[in-house]
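Keeping their order, the protein sequence lines are chains A and B. Reminder that position 134 of the first sequence reads as 134 in the working numbering, one-by-one numbering, no gaps. Reminder that position 26 of the second sequence reads as 26 in the working numbering, one-by-one numbering, no gaps. Backbone N, C-alpha and C define an ideal beta-carbon position, used for all residues, glycine too. Below is one structure, written out as structure tokens; comments come after it.
There are 2 protein chains.
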Amino acid sequence: MEAKITAILRKHQLSITEARKKILSLFWETGNALAHGDIEQKSSEDFDRVTIYRTLQTFVEKGIIHTIPTSDNSVRYALCKDECAAGHHHDDHVHFICDDCGTTYCIDEVSVPKVKLPKGFRAVQTDLVISGTCNKCEQ
Amino acid sequence: MEAKITAILRKHQLSITEARKKILSLFWETGNALAHGDIEQKSSEDFDRVTIYRTLQTFVEKGIIHTIPTSDNSVRYALCKDECAAGHHHDDHVHFICDDCGTTYCIDEVSVPKVKLPKGFRAVQTDLVISGTCNKCEQ
DNA sequence: TACAACAATGCAACTTTGTTGCAAAATATT
DNA sequence: AATATTTTGCAACAAAGTTGCATTGTTGTA
């Protein structure tokens, strides 16, 4: 575990620090996407709020995590797949946000369909975000 | 113009006030989506910040405007089509956010494709948000 | 392993963004 | 026109995000 974490950091030419190891392992442990607030709750005793902001920003820039747009002003972050590199994200899968429990999933099984845009529009990134009820909250 | 605005408000059983008329006409004039900040800039001398928050909230609840998720913690709002009613939005078109100028477009020509989700996941709303360069910023 | 160079962190202060309660003003109803 | 209802502005607050700088931690090199 620890080895995997440090390997990822080293691969992206980041120095190995406590904050980065902790935050990165949080993503591995939960599996799902996390908002800044989630991370703050789970590590506020260990790190300053500012460090979390800066760490998330660094991870996005380096292609370790990607953002998931939301309609409630609380951007979520999730681990990228290996193909993502600094400045070039390739996360063309669907994201699902549960209205009940708030959990955000990366639905890897489904890929985002290509969309034809009107003339002059050039797509760089496509986000397909679905909200509803997840398989745990359904009865 | 004024007549059209008041008709929309009345149709949704909202009392006709200066703030609502002004904010609603802003959406009609610009044509594109607006963030809270945009509206505040264009009408801060006329109305209090709080009024804008509450007006946008009311408009969303009544089905006059809908939200567009973003990755930068600045939810955008855009006019709904006629089919939207209180509590039931039907805005299954694609949204495009320009990385250059920040303009957010509703691409009505393209509709959001249906997506099959894994078992247990029930979709209520689907948002397809594409970012890149718009037809005005392209050269 | 010790040292210098560099990068990351914590702290403080601050700005921006969003929320709530309540009195005053505006709108609707009769 | 008078009253009931709704909306607004204000104030005070809470939460979220940013910036500069001194301190601490990490890395590469001798």
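Cβ neighbours of residue i in the same chain (closer than 8 Å, five flanking residues each side left out)
{"i": "Leu56(A)", "result": "Ile23, His36, Ile39, Ile65 and Tyr77"}
{"i": "Ser220(A)", "result": "Given a span of 1 to 139 for chain A in the structure shown, any question on residue 220(A) remains unanswerable."}
{"i": "Leu117(A)", "result": "Ala123"}
{"i": "Cys101(A)", "result": "Cys134, Lys136 and Cys137"}
{"i": "Ile52(A)", "result": "Ala19, Ile23, His36, Ile39, Glu40 and Ser43"}
{"i": "Arg10(A)", "result": "Ile16"}
{"i": "Asn32(A)", "result": "Ala78, Thr103, Thr104, Tyr105 and Cys106"}
{"i": "Thr67(B)", "result": "Val60, Val75, Arg76 and Tyr77"}
{"i": "Met1(B)", "result": "Ser25 and Trp28"}
{"i": "Glu46(A)", "result": "The question names Glu, yet the displayed sequence has Asp at residue 46(A). Once the five neighbours on either side are set aside, the close Cβ partners of Asp46(A) are Glu18, Ala19 and Lys22."}
{"i": "Val115(B)", "result": "Ala123 and Thr126"}
{"i": "Asp72(A)", "result": "none"}
N-terminal and C-terminal residue of the alpha helix (DSSP H) that residue i is part of
{"i": "Gly37(B)", "result": "His36 to Ser43"}
{"i": "Val50(A)", "result": "Arg49 to Lys62"}
{"i": "Ile8(B)", "result": "Glu2 to Lys11"}
{"i": "Ala78(B)", "result": "First-last for Ala78(B): Arg76 to Leu79, but that is the beta strand (DSSP E), not the alpha helix (DSSP H)."}
Range covered by the beta strand (DSSP E) that runs through residue i
{"i": "Thr67(A)", "result": "Ile65 to Ile68"}
{"i": "Glu109(B)", "result": "Thr104 to Ser111"}
{"i": "Ala19(A)", "result": "Segment Glu18 to Thr30 is the alpha helix (DSSP H) holding Ala19(A); no beta strand (DSSP E) there."}
{"i": "Val124(A)", "result": "Arg122 to Thr133"}
{"i": "His93(B)", "result": "His93 to Cys98"}
Where residue i falls, given that 16 or more other Cβ within 10 Å makes a residue buried
{"i": "Ile16(A)", "result": "exposed"}
{"i": "Val94(A)", "result": "buried"}
{"i": "Arg49(B)", "result": "exposed"}
{"i": "Asp99(A)", "result": "exposed"}
{"i": "Gly120(B)", "result": "exposed"}
{"i": "Gln13(A)", "result": "exposed"}
{"i": "Asp127(B)", "result": "buried"}
{"i": "Gln139(B)", "result": "exposed"}
Neighbourhood of residue i by C-beta distance below 7 Å, restricted to the same chain and skipping five residues each side
{"i": "Ser111(A)", "result": "Asp92 and His93"}
{"i": "Ile97(B)", "result": "Thr70, Thr104, Val129 and Ser131"}
{"i": "Cys80(A)", "result": "Gly63, Ile64, Ile65, His66, His89 and Asp91"}
{"i": "Ala7(A)", "result": "none"}
Neighbourhood of residue i by C-beta, 6 Å cutoff - its chain only, sequence neighbours within 5 removed
{"i": "Ile5(A)", "result": "Lys21, Leu24 and Ser25"}
{"i": "Asp108(B)", "result": "His93"}
{"i": "Pro113(B)", "result": "none"}
key: Positions along the stretch 25-39 of chain A whose CB lies within less than 9 Å of some CB in chain B   = none
query = At a Cβ cut of 8 Å, what residues of the stretch 1-25 of chain A count as close to chain B, listed as they run along the chain?
reply = none
query = If you measure beta-carbon to beta-carbon, which residues of the stretch 115-134 of chain A are closer than 7 Å to chain B?
reply = Val115, Lys116, Leu117, Pro118, Lys119, Gly120, Phe121, Arg122, Ala123, Val124, Gln125, Thr126, Asp127, Leu128, Val129, Ile130, Ser131, Gly132, Thr133 and Cys134
request  = Check distances from the C-beta atoms of the stretch 65-78 of chain A to those of chain B and list, in chain order, the residues that come in under 8 Å.
outcome  = Thr67, Ile68, Pro69, Thr70, Ser71, Asp72, Asn73, Ser74 and Val75
Cβ-based contacts, 7 Å cut-off: residues of the stretch 79-111 of chain B near chain A = Val94, Phe96, Asp99, Ile107, Glu109 and Val110
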